[in-house]
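So the sequence shown is numbered by this note's numbering: it starts at 42 and just counts up by one. Structure, as structure tokens:
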Amino acid sequence: MTRIVVLISGNGSNLQAIIDACQQGKVAGHVCAVFSNKADAYGLQRAEIAGIPGYVVDPRPFADRDAYDSQLMTQIDACQPDLIVLAGYMRILSPAFVQHYQGRMLNIHPSLLPKYPGLHTHRKALENGDSEHGTSVHFVTEELDGGPLVLQAKVPVFPEDDEALVAARVQHQEHAIYPLVIGWFASGRLQMCDGTPQLDGQPLPPEGYAADL
Ligand code: GRF
């Protein structure tokens, strides 16, 4: 069974979808620990309810990002994970952290990458009058929101939408595609080979696969 460590900073609805998928046998793995940089992250309560150990690593006592990430790595590695899943983890990662988990760390980002890396993606989609928006699952590299794409899901954007409506529509898709990709990884179908992600032995297209949900 694949050992999954999930990093969060907030609500943890994606964490919940992953926990549920594992419990339902849709992912050949289990979440063995949840880490948060925020003590009040609701996702920690979700972990507790599911009987999963949750750990807070507060950045404030650390001198810099490298020192924090080094401590986080030590604690994560004590859980012996096969896969690290970023699920609304709102800290920039140091190069050493990214390199340490290269090929075994996934992120979900609420846009159709490479469009709109960074924050406020729903607002940007609305401001630009996009008729289409979505979410992307990708391997993590040192480039912020820039690693190889695995799977994207699109949602429509309607003229009367506001940010909350778009966010809810996007999250609905996230809760489907993130467990799906994690399931591929857990069953050995998805692998990083020499810097290129492969699904069932085939290199993924540069734009990733489009979810057909
Ligand atoms: C998600 O929309 C994800 O794309 C982004 O942060 C959000 C986290 O939401 N990285 P939640 O904490 O999983 O509810």
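Note that beta-carbon positions come from the ideal geometry of N, C-alpha and C, so glycine has one too. Since the structure is predicted, the reported quantities are computational estimates derived from the model, not experimental observations.
Spatial distance of residue i from residue j (CA atoms)
i	j	result
glycine 170	alanine 251	22 Å
serine 177	cysteine 120	27 Å
aspartate 241	valine 196	27 Å
glutamate 173	alanine 208	13 Å
alanine 217	serine 77	23 Å
valine 198	isoleucine 93	36 Å
proline 189	serine 228	19 Å
glutamate 221	arginine 210	Reading the sequence as shown, one finds leucine at residue 221 and not glutamate. If you take the alpha carbons of leucine 221 and arginine 210, they lie about 18 Å apart.
tryptophan 225	leucine 147	12 Å
arginine 164	leucine 85	27 Å
glycine 175	glycine 249	13 Å
alanine 74	aspartate 202	36 Å
proline 102	glycine 53	24 Å
serine 111	histidine 71	24 Å
Residue i, buried or exposed, once every other Cβ within 10 Å from all chains shown has been counted against 16
i	result
glutamate 215	buried
isoleucine 149	buried
histidine 179	buried
arginine 87	buried
isoleucine 125	buried
threonine 115	exposed
threonine 182	buried
isoleucine 223	buried
isoleucine 90	exposed
threonine 237	exposed
proline 200	exposed
alanine 137	exposed
proline 122	buried
Pick from the options that is closest to residue i, judged by C-alpha positions
i	options	result
valine 98	Gly92, Leu167, Ala82 and Ala91	Ala82
glycine 185	Gly84, Val72, Ile223 and Leu127	Note that residue 185 corresponds to leucine in the displayed sequence, not to glycine. Per the Cα distances, Leu127.
Strand pairing of residue i, partner residues [DSSP]
i	result
phenylalanine 76	Leu48 and Tyr96
asparagine 148	Leu127 and His179
tyrosine 250	Leu192
glutamine 232	Gln239
histidine 71	Arg44
histidine 174	Val196
proline 244	Gln239
Cβ-heavy atom distance, residue i to the ligand MN, below 7 Å
i	result
glutamine 212	Although the ligand MN was asked about, the structure shown includes only the ligand GRF as ligands.
Exercise. If we count Cβ pairs, one from each stretch, closer than 8 Å, do we get three or more for the region 96-108 versus the region 47-60?
Worked result: no
Exercise. Do the region 185-200 and the region 152-163 meet, that is, are 3 or more Cβ pairs less than 8 Å apart?
Worked result: yes
For this session: Give a yes or no on contact between the region 129-148 and the region 60-70, applying the rule of three or more CB pairs nearer than 8 Å.
Result: no
Problem set entry | Given 8 Å, three or more beta-carbon pairs between the region 42-55 and the region 128-136 | yes
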